[in-house]
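Written below as C-alpha cells is the structure these notes are about.
Chains as they are written, first to last, in the numbering used here: chain A, 1 to 320; chain B, 321 to 621.
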C-alpha cells in the first residue's frame, strides 16, 4: 500500500468521524464538500487549459432541479433528487458543451459566462415559475424512504456529500490518469498533435466538459438541499468566479486542490469575512493576483514543493 | 406592432447600439493589438459612468451652467481611461504578455473583481442619475414620434465620429501605422525601431477610454447600479464575438444588429430582452465560428 493510499484512508476516516466528535461543524463541512464538487469540475477543465466563468449555470441547474422536483413530489427522496440533478446537468452539459467545445481560452470562458447570464435572467424574469430573485424553497427530503428530523438529517447530508466528494475526487483522479484524461491534458499542450494521432480534440474536451457540468450539478443539488433554497444567485457570475478562485487557491494541478481550497476558502469566509464584508470581492481579487503572479500552483503545489525542498536539503545533509 | 412602436423601437435600438458599439470597439481594438481580452473592460464602463455623474452633479450643485455636464462626460472618460487603464497596463499587463493565455484571462478577471468592489465602496448600492444632458438638448420628432435629441442625434453621430476617427487614426497617422505594424508582427516591428511597449500602453489607454466614454454617455439615459459593469462586459463581448474579434467596422454592424434586436424584444416580448443579444450571437457563431467578419486563424503545430 502506498503512502498516498494510506493518507487518503486516514483523511477519509477523520472526515467520517466528524459528526461524532465535532457535530457542530458538520453543516459547515457539508457545504465545503458540496462546493468542492463544483471546484473539482473547474479543475478538470483547467487541466485542458480552459477556464469557465459560467459553471454556476450547472450549479443552478442542479439546485433548481431539486427544488422543482421536490415541490412536485411534496418532498421526495434525497437519492432521487440528487440523481435528477445529475441527469439535468448532464443534459444541459451536453447541449452547451456541443457549442462551446468549438472554442478555446477567452472565447470558451466568455461564452460560458454568457450562457450563465442568460440562465440567470431567465430564472429572475420568469418569476411566476421560478419565484424570481426570492428563489424556490427546498423542503427537507427523505433518505431511502426514511424521514429524519432536522438534526438527524444534518448528519445524513453530511455523509451523503462526503461520499460524493471523495468518490468524485477518486473518479476524476482515475479519469485524468486514463488515456482519455491524458488526451484532455494534451489539449493544453498541443491540440494539433492530438488530432494527428487520430483523436478528435472536440470530443475529448466534450467528455471533460460534460463531467465538469455533472460535478457542478451534483454540487448545486447538494448545496440546495443543505441550504433549503435555490436562488438565481447560484448562477450569477460571482458564484462561478468563486469556483474558479477556489480552484486556483487550492491548486489546479491536483484533485486534492478542490477539497483543500474549498476548506480554506469556506473557513476564511465564515470566520473572517464578517469583518470585511464590504471588501470581500476586493480581497479575493488581490489574493488571486498574488497567487497567479507568485504561486501559480496554489496551496497544494506550495505544500508539495516545500516537502520536496525539505527532502532535497535532507539529501544534501546526509550526503555530507 | 404599430408603425409608431416600430419607430420607437428603432430610435431606442440605435441609441443603445451606439453606446454598446463604443464599449465593444474598445474591447475588440485592445484584443486585436495586445491579444488580451480585458474582462475589466466592463468596470471601465461603469467607472466612466459613475465619475461623469459625480462630476456633473457637483458642477451643477456648485452653480455652474448645466451645459458644463457635456464636457464633463468626456473629461470623466479620459480620466478613467488614462489613470485606471494606464495603471493596469503598466503595472499588471506588462508582466503577463509572455504567460499562458489562461493566466492572462485570470489576471484581467481578478482586476474586474477588484474594480467591481471598489466601485461599490466608493458609490454604494443606491442608484445614481443625471438627466441634464438629456433635457438640455430637448426633443425632436422623427416620423411622427417624439424622442430625445440626445439619443436620436447626439449618440449615433458621436458613434460614427469615433468609428471614422479610429479608422483615420489607424490608416493615416504615424502612431496608427506603428500600431498596425506591432499587430502584424511584434518582433519585426521592434527590429525596425518601434517601441512596442509604448504602443501597447497607448492602445490600452485608447481602448479603456472608449469603454469609459460609453459609460459616461450612457449615464444620462439610465440609472447607475452595481452590476452594470458585469452586464456590459458580457454584452460587449457578444457584440465583438458576433462581429469577429479584432474587427472594428464589424463591431458597428454587430452592435446595430444586437441593439435593434434587443429593443424590438423590449416592445414585443419583454421577458426575452436580455436573451436576444445572446441568441443572435449563438446563431451567428453556429454558422460562422469566427464571427460575421472574422477570419479563420492559422494553427501552429
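Ideal Cβ placement from N, Cα and C applies to all residues, glycine included. On a predicted model such as this, the values are computed, not experimentally measured, just so you know.
Within the stretch 113 to 135 of chain A, the residues whose Cβ lies closer than 7 Å to any Cβ of chain B are, in chain order, 113, 114, 117, 118, 121, 125 and 126. Scanning its chain for C-beta atoms nearer than 6 Å, with the 5 sequence neighbours on each side dropped, one finds around residue 260(A) the residues 250, 299 and 300, in chain order. Nearest CB-CB separation between residue 109(A) and chain B: below the 8 Å threshold. Counting other Cβ atoms within 10 Å of its Cβ, residue 196(A) stays below 16 and is therefore classed as exposed. For residue 599(B), the enclosing alpha helix (DSSP H) has its first and last residue at 595 to 607.
Counting C-beta pairs closer than 8 Å gives three or more between the stretch 238 to 246 of chain A and the stretch 50 to 57 of chain A, which meets the contact rule. Residue 365(B): not part of any beta strand (DSSP E); member of the alpha helix (DSSP H) spanning 361 to 381, first to last residue.
When the Cα atoms are used, residue 400(B) and residue 426(B) turn out to be separated by approximately 22 Å. Between residue 473(B) and residue 460(B), the C-beta spacing is below 8 Å.
Identification of chain B residues near residue 282(A) by a Cβ-Cβ cut-off of 8 Å yields 433, 434, 437, 438 and 441, ordered along the chain. Taken atom to atom, the span from the alpha-carbon of residue 147(A) to that of residue 139(A) is near 12 Å. Counting only runs that start and end inside the stretch 399 to 464 of chain B, the beta strand (DSSP E) elements of at least 3 residues fall at 459 to 462. When secondary structure is reduced to three states using DSSP, residue 137(A) falls in the strand class. Using a Cβ-Cβ cut-off of 7 Å, residue 425(B) is close to 51, 105, 106 and 109 of chain A, given in chain order. In the pairwise beta carbon analysis, the stretch 33 to 42 of chain A is classified as touching the stretch 212 to 219 of chain A: at least three pairs are separated by under 8 Å.
Within the stretch 196 to 243 of chain A, complete alpha helix (DSSP H) segments of at least 4 residues are found at 201 to 227, given in chain order. Taking all protein chains shown into account, residue 349(B) has 16 or more neighbouring C-beta atoms within 10 Å of its C-beta and is therefore buried. Assigned with DSSP and collapsed to three states, residue 505(B) falls in coil, not helix or strand. Counting only unbroken stretches of 4 or more residues, the alpha helix (DSSP H) elements lying wholly within the stretch 132 to 189 of chain A are 150 to 177 and 179 to 189, in sequence order. In this structure the stretch 351 to 365 of chain B touches the stretch 401 to 408 of chain B; the number of beta carbon pairs closer than 8 Å is three or more. Of all alpha-carbon atoms in 410(B), 323(B) and 374(B), the one lying nearest the alpha-carbon of residue 522(B) is that of 410(B). Shown here, residue 103(A) sits in coil according to DSSP, grouped into three states, outside any helix or strand. Contact note: residue 609(B) reaches chain A through 102, using a C-beta cutoff of 7 Å and chain order. As the crow flies, the alpha-carbon of residue 351(B) is around 26 Å from that of residue 372(B).
For the stretch 381 to 412 of chain B, the residues whose beta carbon sits under 8 Å from a beta carbon of chain A are, in order, 412.
Taking the Cα of residue 453(B) as reference, the smallest distance to any Cα among 527(B), 570(B) and 376(B) is reached at 376(B).
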